[in-house]
Amino acid sequence: MNLIDRPRRLRSTAVMREMVAETEVSARHLITPHFVVDGTGVHEEIGAMPGVYHTSADTIVEEVGRDLELGLKSHLLFGIPDHKDATGTSAVDDNSVVNRSLRALKDKFGDDIITITDVCLCAYTDHGHCGFVKDGRILNDPSVEQLAKMAVSHAKAGADIVSPSDMMDGRVAGMREALDENDLENTVILSYSAKYASAYYGPFRDACDSAPQGDRKSYQMDSRNGREAILETILDLQEGADMVMVKPALAYLDIIKRVRDEVLCPLVCYNVSGEYSMVKNAAAAGLVDEAAMVRENLLAFRRAGCDMIITYHGHEAIEKGWI
Ligand code: PBG
Ligand code: ZN
4 MNLIDRPRRL RSTAVMREMV AETEVSARHL ITPHFVVDGT GVHEEIGAMP GVYHTSADTI
64 VEEVGRDLEL GLKSHLLFGI PDHKDATGTS AVDDNSVVNR SLRALKDKFG DDIITITDVC
124 LCAYTDHGHC GFVKDGRILN DPSVEQLAKM AVSHAKAGAD IVSPSDMMDG RVAGMREALD
184 ENDLENTVIL SYSAKYASAY YGPFRDACDS APQGDRKSYQ MDSRNGREAI LETILDLQEG
244 ADMVMVKPAL AYLDIIKRVR DEVLCPLVCY NVSGEYSMVK NAAAAGLVDE AAMVRENLLA
304 FRRAGCDMII TYHGHEAIEK GWI
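Position one of the sequence shown corresponds to residue 4 (the numbering used here), numbered consecutively onward.
Below, the structure written as structure tokens:
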């Protein structure tokens, strides 16, 4: 291979750089999270996440409508119910806040949007864990059963994609089986396959009021481990996941790259709440150029090998021409 000794030639003008760019990010790569709460007419900014709102099942239609005008077609819903209990009964209620939102969105936008639901119990349980708790331990198989029911209820209400974020073993298989039994064989599973126990979820847990008693280290992954991400990903694919995910994203770009090299399916990363809030706070303090930083981060995920990015920056980045 002959290497040019003057790489600057190809950086000489903006148009030249544009022509030779290896990577790009645009609206079709982005998935937008929404936080839906009980009640009507709610549209309240989340303190820890400037520019992100709590909405109710009626106002989410307007929020998604505005996103859609910007070209953001994929939407991830998190439910925050008023009622929380030990087993997260609100999570499997056909009239849950997520299911009401799904019906409203599908009524209005049909197949012009993709609806994705986060399938996890932590926002629905009074102890804040992602599964059932007994004697201080997180039970695996009974939790999987409840999560599978939750996925079925979301799919029936109009979720195109269900997305388990709990990290119980065998949840993808449990969910696939339950979906198929209910004639929902076309519902896609996007698994949070390599999800790490992370300090970067802090603002999200405020938003969802889902901080656990204790921590999540007995089910979410240990940040010292890289190979294990491949194991988790392969297991989820064997169990029937259609797409896989690495979460968080910025501190785990090596994991994104390693998973990319192993799998053929679409790969998603989650640019999580703490990553978002860090950028927002640094920008508000006048320390960084927000436009350039958001663009640089989103491009990093794409360069590392992600197809899609779940991010809170989407609508602002597009509206203001950052990407
Ligand atoms: C629920 C869930 C969490 C996030 C997505 N789904 C929180 C957690 O596991 O504690 C984090 C999202 C974010 O921080 O933006 N299991
Ligand atoms: Zn959870």
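Ideal placement from N, C-alpha and C gives every residue a C-beta, glycine not left out.
Is the separation between the beta-carbon of ALA192 and that of VAL165 shorter than 8 angstroms? Counting from one through the sequence shown, the residue named residue 192 turns up at place 189. Counting from one through the sequence shown, the residue named residue 165 turns up at place 162. Inspection of the sequence shows that residue 192 is occupied by Ile rather than by Ala. Against a cut-off of 8 angstroms, the Cβ pair of VAL165 and ILE192 comes out as a contact.
Considering only DSSP beta bridges, list what PHE304 is partnered with. Residue mapping note: residue 304 aligns to position 301 of the sequence shown, counting from 1. PHE304 pairs with nothing; no bridge assigned.
Anyone know if the C-beta pair for CYS211 and ILE259 falls short of 8 angstroms? Along the sequence shown, read from residue 1 onward, the residue named residue 211 stands at position 208. Along the sequence shown, read from residue 1 onward, the residue named residue 259 stands at position 256. No, the pair does not count as a contact, with Cβ atoms beyond the cut-off.
With burial defined as no fewer than 16 other Cβ atoms inside 10 Å of the residue's Cβ, what is the status of GLY44: buried or exposed? For the purposes of this step, residue 44 is identified with residue 41 of the sequence shown, where counting begins at 1. Classification for GLY44: exposed.
Rounded to whole angstroms, what's the CA-CA distance from ALA286 to SER29? Just pull it up for me. Walking along the sequence shown from the start, residue 286 turns up at place 283. Walking along the sequence shown from the start, residue 29 turns up at place 26. So the two alpha carbons sit approximately 22 angstroms from each other.
Rounded to the nearest angstrom, how far is the Cβ of ASP41 from that of LEU79, given a contact under 8 angstroms? One-based indexing of the sequence shown puts residue 41 at position 38. One-based indexing of the sequence shown puts residue 79 at position 76. ASP41 to LEU79, Cβ: 19 angstroms. No contact.
Cβ neighbour criterion (16 or more within 10 Å) applied to MET22: Numbered from 1 along the sequence shown, position 19 holds the residue referred to as residue 22. It is exposed - the Cβ of MET22 has fewer than 16 other Cβ atoms within 10 Å.
Under 8 angstroms, with one C-beta from each stretch per pair, do the segment 139 to 157 and the segment 88 to 107 reach the 3-pair mark? yes
Can you give, in chain order, each stretch of the beta strand (DSSP E) that sits fully within the segment 109 to 133 and has at least 3 residues? 117 to 122
Are the Cβ atoms of CYS123 and SER194 separated by less than 8 angstroms? For the purposes of this step, residue 123 is identified with residue 120 of the sequence shown, where counting begins at 1. For the purposes of this step, residue 194 is identified with residue 191 of the sequence shown, where counting begins at 1. No, these two residues do not count as a Cβ contact at 8 angstroms.
Looking at the secondary structure, which residues open and close the beta strand (DSSP E) in which ASN274 lies? Here residue 274 corresponds to residue number 271 of the sequence shown, with the count starting at 1. Element bounds for ASN274: 270 to 274.
At a threshold of 7 angstroms, does CYS272 count as lining the ligand PBG (C-beta to nearest heavy atom)? Translated into the one-based positions of the sequence shown, residue 272 becomes position 269. CYS272: no, Cβ never under 7 angstroms from the ligand PBG.
Could you tell me the boundaries of the beta strand (DSSP E) in which GLY317 lies? The residue labelled residue 317 in the question sits at position 314 within the sequence shown. Unbroken run through GLY317 is the alpha helix (DSSP H), 317 to 322; no beta strand (DSSP E).
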